[in-house]
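Chemist:
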Amino acid sequence: MAPQRFHEQFDHLQRALPDVPLAMGPDDSAEFIYEKGVVLARDGEEARVVEDAVRAHFTATDGLDPEHVRRSGPRDNRSGITRIRVGDPGEGGRGTDRTVAGALRALRQTEGRAGRRLVSRNHLVSIAVNACPGDEPVPAARSARPNPAEAPAAQGPEGARGAVGVLVVDTGLTHDYRSYPLLARTEGDAQVRETDEQGILQQYVGHGTFIAGLVAAVAPHTDVTVRNTLDDAGAILESEFGERLFDAVEDGWPDIISLSAGTSNGRVDGLLGVAAFMEELRSRDTLLVAAAGNNASSSPFWPAAYASLPEYADAVLSVGALRGDGEFGACFSNHGPWVKVYAPGERLVSALTGFDAPVPYVYQHSTYDSCRYGFTYTCTCRSPRHTGVLSEAQQTSPGKPDQVMFEGLASWSGTSFATPVVAGLVAAYMTADGVRDPRAAARRLLADRAEFAEVRGTHVPALLPPTWRPVPVGPA
36 MAPQRFHEQF DHLQRALPDV PLAMGPDDSA EFIYEKGVVL ARDGEEARVV
86 EDAVRAHFTA TDGLDPEHVR RSGPRDNRSG ITRIRVGDPG EGGRGTDRTV
136 AGALRALRQT EGRAGRRLVS RNHLVSIAVN ACPGDEPVPA ARSARPNPAE
186 APAAQGPEGA RGAVGVLVVD TGLTHDYRSY PLLARTEGDA QVRETDEQGI
236 LQQYVGHGTF IAGLVAAVAP HTDVTVRNTL DDAGAILESE FGERLFDAVE
286 DGWPDIISLS AGTSNGRVDG LLGVAAFMEE LRSRDTLLVA AAGNNASSSP
336 FWPAAYASLP EYADAVLSVG ALRGDGEFGA CFSNHGPWVK VYAPGERLVS
386 ALTGFDAPVP YVYQHSTYDS CRYGFTYTCT CRSPRHTGVL SEAQQTSPGK
436 PDQVMFEGLA SWSGTSFATP VVAGLVAAYM TADGVRDPRA AARRLLADRA
486 EFAEVRGTHV PALLPPTWRP VPVGPA
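Residues 36 to 511 in our numbering are what the sequence shown lists, from first letter to last.
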């Protein structure tokens with residue numbers, strides 16, 4: 036991503052989360068965003084070891100103040116991690132936080148002897164990689180059909196447990212979502228705030244509704260539940276994410292979880308903040324279908340990259356995006372051997388809102404069709420004419436951006452949307468074939484139905500819904 040464009044996205048995200056001082060790293064490379072002045076450690080004895088080691092290191096190092104080192108927040112919780120304050124979050128700029136870097140350095144030798152990580156940054160988990168969406172939605176005509184279109188509602192042998200359940204962990208549902216017929220079987224949390232005082236659609240409003248519509252189109256005979264875990268600008272701190280994931284399954288573990296958010300962390304061993312949840316996931320029958328991210332990187336993106344770790348390979352299915360023709364990978368899609376399957380993720384059509392809103396939603400954006408659907412970009416944020424931010428009211432380019440109305444269907448691109456397509460295909464396979472184990476269904480689906488596409492010169496497995504229609508590659 037172009038550094039200037041990333042800084043603009045960073046500024047927007049900081050405005051959206053004013054109470055969380057943010058930094059980017061490592062070393063101003065903009066690979067990920069994290070909370071300044073705070074590190075994470077496992078509850079109990081390890082947190083004490085980290086706290087003592089950081090305090091000792093800061094005492095012996097000029098410019099680092101040991102008086103700042105203290106626990107911050109509960110000492111134990113379901114996510115199994117503790118926040119430790121290591122510095123004044125108000126000091127310094129957006130680059131690497133010296134206090135956090137010092138805290139990580141303080142544990143380096145201890146971690147080497149232990150053979151595992153003891154301390155971590157508190158990363159920002161987001162729908163948009165590095166606050167940079169793969170694309171922004173555009174309205175579809177009322178006469179448009181969803182793409183993928185609604186599949187025949189095959190009602191295979193349900194068994195005693197009833198219909199397949201898919202849990203969407205995302206933003207909440209728009210208030211009028213039930214006016215979209217495909218969402219008749221959908222339940223869940225409402226979006227907290229849809230528009231601002233000027234009627235501008237807030238960032239990522241409709242994202243969860245759009246995803247639920249994709250699952251329902253591919254697998255109509257499926258019970259979909261949406262949780263607004265990412266209701267705050269599509270982002271959440273790692274320290275809170277594990278707890279919110281446990282909240283999402285309090286009423287019971289579903290067959291499938293569809294998650295279109297994550298973060299890089301510069302490592303190959305996952306996120307400390309979700310380790311407890313991932314351990315619990317291993318002991319359940321649930322399949323986590325997770326997005327690979329949108330910054331055209333081969334670096335592991337978590338939680339999706341858990342699919343590459345042997346102990347989680349059966350529990351996690353990581354999903355990258357194909358471009359509009361389905362032949363090649365979308366240029367924004369993350370890639371690499373940790374991505375296990377690809378599915379259509381460019382210019383899909385689903386419901387952003389319902390169809391009976393008394394006042395049409397207003398959406399503010401810049402015109403960038405010339406770069407949106409070609410191989411001339413790695414992320415839409417690279418375009419000099421594109422804000423890269425959903426519903427951004429403060430524009431960095433001259434001139435007033437276009438304003439468009441959303442009254443139902445929208446067209447949107449990203450690994451965010453390839454993910455529910457795969458979740459829906461697994462659910463549909465379970466329904467049609469009477470397979471009650473979603474992990475077994477995913478294995479059989481890939482073995483029986485996968486086609487092949489090309490991503491960065493590599494042939495990869497691809498799942499194409501029967502009702503999906505390829506779209507031309509090039510400017511809309």
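Note that CB positions come from ideal geometry on N, CA and C, so glycine has one too.
#1: Could you tell me which of F363, D360, A326 and S318 sits nearest to W373, measuring between CA atoms?
#2: Which residues in the same chain as V394 place their Cβ atom closer than 7 Å to its Cβ, once the five residues preceding and following it in sequence are excluded?
#3: Could you check the C-alpha separation between L323 and V456 for me, to the nearest Å?
#4: If contact is defined by three or more beta carbon pairs under 8 Å, each pair taking one atom from either stretch, is the region 355 to 374 in contact with the region 484 to 494?
#5: I need the straight-line Cα distance from D360 to W447, nearest angstrom please.
#6: Can you say whether V55 is buried or exposed, counting buried as having 16 or more other CB atoms within 10 angstroms of its CB?
#7: Would you report the Cα separation of P216 and T257, rounded to the nearest angstrom?
#8: What is the DSSP secondary structure of S274, reduced to helix, strand or coil?
#9: Report yes if the C-beta distance between A485 and P500 is below 8 Å; otherwise report no.
#10: Only counting the same chain, and skipping five residues up and downstream in sequence, which positions put a Cβ closer than 7 Å to that of S161?
#11: Looking only at its chain, what residues have a beta carbon closer than 8 Å to the beta carbon of L352, apart from the 5 residues adjacent to it on each side?
#12: Whole angstroms is fine: what's the gap from L316's alpha carbon to D97's?
#13: Once you ignore the five residues that flank P168 on each side, which residues in its own chain have a CB closer than 6 Å to its CB?
#14: Going by other Cβ atoms of all chains shown within 10 Å of its Cβ, with 16 needed for buried, is V227 buried or exposed?
#15: My guess is that A175 and L444 are in contact by the Cβ rule of under 8 Å, so how many angstroms apart are they, rounded?
#16: Please name the residue, chosen from L208, A283, T450 and A149, that lies closest to S332 on a Cα-to-Cα basis.
#17: So if DSSP puts N182 in a beta bridge, which residue, or which two residues, is it bridged to?
#18: Leaving aside the five residues before and after E86 along the sequence, list all residues of the same chain whose C-beta is less than 8 Å from its C-beta, in chain order.
#19: Measuring CB to CB, does T209 end up less than 8 Å from Y239?
#20: Hey, is P255 close to the ligand HEM, as in C-beta under 7 Å from one of its heavy atoms?
#21: Quick one: grab the DSSP three-state call for E126.
#22: Alpha helix (DSSP H) containing P473: first to last residue?
#23: Nearest to E78 by CA position, among R110, G60, V253 and L57, is which residue?
#24: Let me know the secondary structure DSSP gives P61 once reduced to three states.
#25: Which class does C406 belong to by DSSP, given the choice of helix, strand or coil?
#26: Which residues in the same chain as K71 place their Cβ atom closer than 6 Å to its Cβ, once the five residues preceding and following it in sequence are excluded?
#27: Which first and last residues belong to the alpha helix (DSSP H) in which H256 is found?
#28: Mind pulling the alpha helix (DSSP H) runs of 4 or more residues that sit fully within the region 310 to 367?
#29: Would the beta-carbon of G328 fall within 8 Å of that of E273?
#30: How is the alpha helix (DSSP H) around Y464 delimited, first residue to last?
#31: Along the beta strand (DSSP E) that carries H158, what are the first and last residues, could you check?
#32: CB-CB under 8 Å to G305, same chain, minus the five flanking residues each way: which ones, in chain order?
#33: According to DSSP, is V84 helix, strand or coil?
#34: Contact defined as beta carbons within less than 8 Å: I believe G200 pairs with D290. What is the distance between those atoms, to the nearest angstrom?
#35: Taking the straight line between their C-alpha atoms, what separation do you get for R213 and R302?
#36: Identify which residue in S385, L153 and D483 has its Cα closest to the Cα of W503.
Modeler: To lay it out plainly:
#1: What you label residue 373 is simply residue 338 of the sequence shown in a count that begins at 1. When F363, D360, A326 and S318 are compared, the shortest CA-CA separation from W373 is found for A326.
#2: Walking along the sequence shown from the start, residue 394 turns up at place 359. The pLDDT assigned to V394 is 46, lower than 50, so where the model puts this residue is not dependable; a value taken from the coordinates is nonetheless given after this. Counting only residues of its own chain and dropping the five nearest sequence neighbours on each side, V394 has a CB closer than 7 Å to the CB of G234.
#3: Stepping through the sequence shown from its first residue, residue 323 is reached at position 288. Stepping through the sequence shown from its first residue, residue 456 is reached at position 421. Those two C-alpha atoms are separated by around 13 Å.
#4: yes
#5: Residue 360 sits at position 325 when you count from the first residue of the sequence shown. Residue 447 sits at position 412 when you count from the first residue of the sequence shown. Distance between the alpha carbons of D360 and W447 is about 15 Å.
#6: By 1-based counting over the sequence shown, the position of residue 55 is 20. Label assigned to V55: buried.
#7: In the sequence shown, counting from the first residue as 1, residue 216 sits at position 181. In the sequence shown, counting from the first residue as 1, residue 257 sits at position 222. Their Cα atoms are separated by approximately 14 Å.
#8: What you label residue 274 is simply residue 239 of the sequence shown in a count that begins at 1. If DSSP states are grouped into helix, strand and coil, S274 belongs with the helices.
#9: Reading the sequence shown from its first residue, position 450 is the one you call residue 485. Reading the sequence shown from its first residue, position 465 is the one you call residue 500. No, they are not a contact pair.
#10: One-based indexing of the sequence shown puts residue 161 at position 126. So the qualifying residues of the chain are G269, A270, A296 and T298.
#11: Residue numbering aside, residue 352 sits at position 317 when the sequence shown is read from its first letter. L322, L323, V324, A325, A342, K375, V376, V457, V461 and A477.
#12: Counting from 1 along the sequence shown, the entry for residue 316 is found at position 281. Counting from 1 along the sequence shown, the entry for residue 97 is found at position 62. Between L316 and D97, the C-alpha separation is close to 44 Å.
#13: Here residue 168 refers to the residue found at position 133 when the sequence shown is read from its first residue. With a pLDDT of only 48 at P168, under 50, the local geometry of the prediction cannot be trusted, and the value read off the model is given with reservation. Nothing listed; no residue qualifies.
#14: Residue numbering aside, residue 227 sits at position 192 when the sequence shown is read from its first letter. Per the 10 Å Cβ criterion, exposed.
#15: Position 140 of the sequence shown holds residue 175. Position 409 of the sequence shown holds residue 444. With 8 Å as the limit, A175 and L444 qualify as a contact, their Cβ atoms being about 4 Å apart.
#16: In the sequence shown, the residue the question calls residue 332 occupies position 297. The shortest C-alpha separation from S332 is found at T450.
#17: Walking along the sequence shown from the start, residue 182 turns up at place 147. Answer by DSSP bridge pairing, in chain order: V384.
#18: Residue numbering aside, residue 86 sits at position 51 when the sequence shown is read from its first letter. Setting aside the 5 residues that flank it on each side, E86 is surrounded in the same chain by A76, V104, R105, R106 and I119, each with a C-beta closer than 8 Å to its C-beta; the list follows chain order.
#19: What you label residue 209 is simply residue 174 of the sequence shown in a count that begins at 1. What you label residue 239 is simply residue 204 of the sequence shown in a count that begins at 1. No; because the gap between Cβ atoms is not below 8 Å, this pair is not in contact.
#20: The model on display carries no ligand, and the ligand HEM is accordingly not part of it.
#21: Residue mapping note: residue 126 aligns to position 91 of the sequence shown, counting from 1. Correct three-state label for E126: coil.
#22: Within the sequence shown, numbered from 1, the residue matching residue 473 stands at position 438. First-last of the alpha helix (DSSP H) with P473: P473 to R484.
#23: Locating residue 78 in the sequence shown gives position 43, where the first residue counts as 1. First, the amino acid is wrong: residue 78 is Asp here, not Glu. Of the listed residues, the one whose Cα sits closest to D78 is R110.
#24: By 1-based counting over the sequence shown, the position of residue 61 is 26. Coil at P61, not helix or strand.
#25: What you label residue 406 is simply residue 371 of the sequence shown in a count that begins at 1. For C406, the predicted structure reports a pLDDT of 38, less than 50, and the residue's modelled location is therefore unreliable. The matter cannot be settled from this model.
#26: Reading the sequence shown from its first residue, position 36 is the one you call residue 71. Taken in chain order, the residues that qualify are P56, A58, P124 and D132.
#27: Working through the sequence shown from its first residue, we reach residue 256 at position 221. That residue, H256, is in no alpha helix (DSSP H); it is neither H nor E in DSSP.
#28: 310 to 317
#29: Along the sequence shown, one-based indexing puts residue 328 at 293. Along the sequence shown, one-based indexing puts residue 273 at 238. Contact: no.
#30: Your numbering for residue 464 matches position 429 in the sequence shown. Its alpha helix (DSSP H) spans residues T450 to D468.
#31: Position 123 of the sequence shown, counted from the first residue, corresponds to residue 158. From DSSP, the beta strand (DSSP E) with H158 extends over V154 to S161.
#32: Your numbering for residue 305 matches position 270 in the sequence shown. Excluding positions up to five away in sequence, the list reads M313, W337, P338, A340, Y341 and L344.
#33: On the sequence shown, position 49 is the one that residue 84 refers to. If DSSP states are grouped into helix, strand and coil, V84 belongs with the helices.
#34: Looking up residue 200 in the sequence shown gives position 165. Looking up residue 290 in the sequence shown gives position 255. 5 Å between Cβ atoms; contact.
#35: Your numbering for residue 213 matches position 178 in the sequence shown. Your numbering for residue 302 matches position 267 in the sequence shown. When rounded, the distance between both Cα atoms is 42 Å.
#36: One-based indexing of the sequence shown puts residue 503 at position 468. Nearest C-alpha to W503 among S385, L153 and D483: S385.
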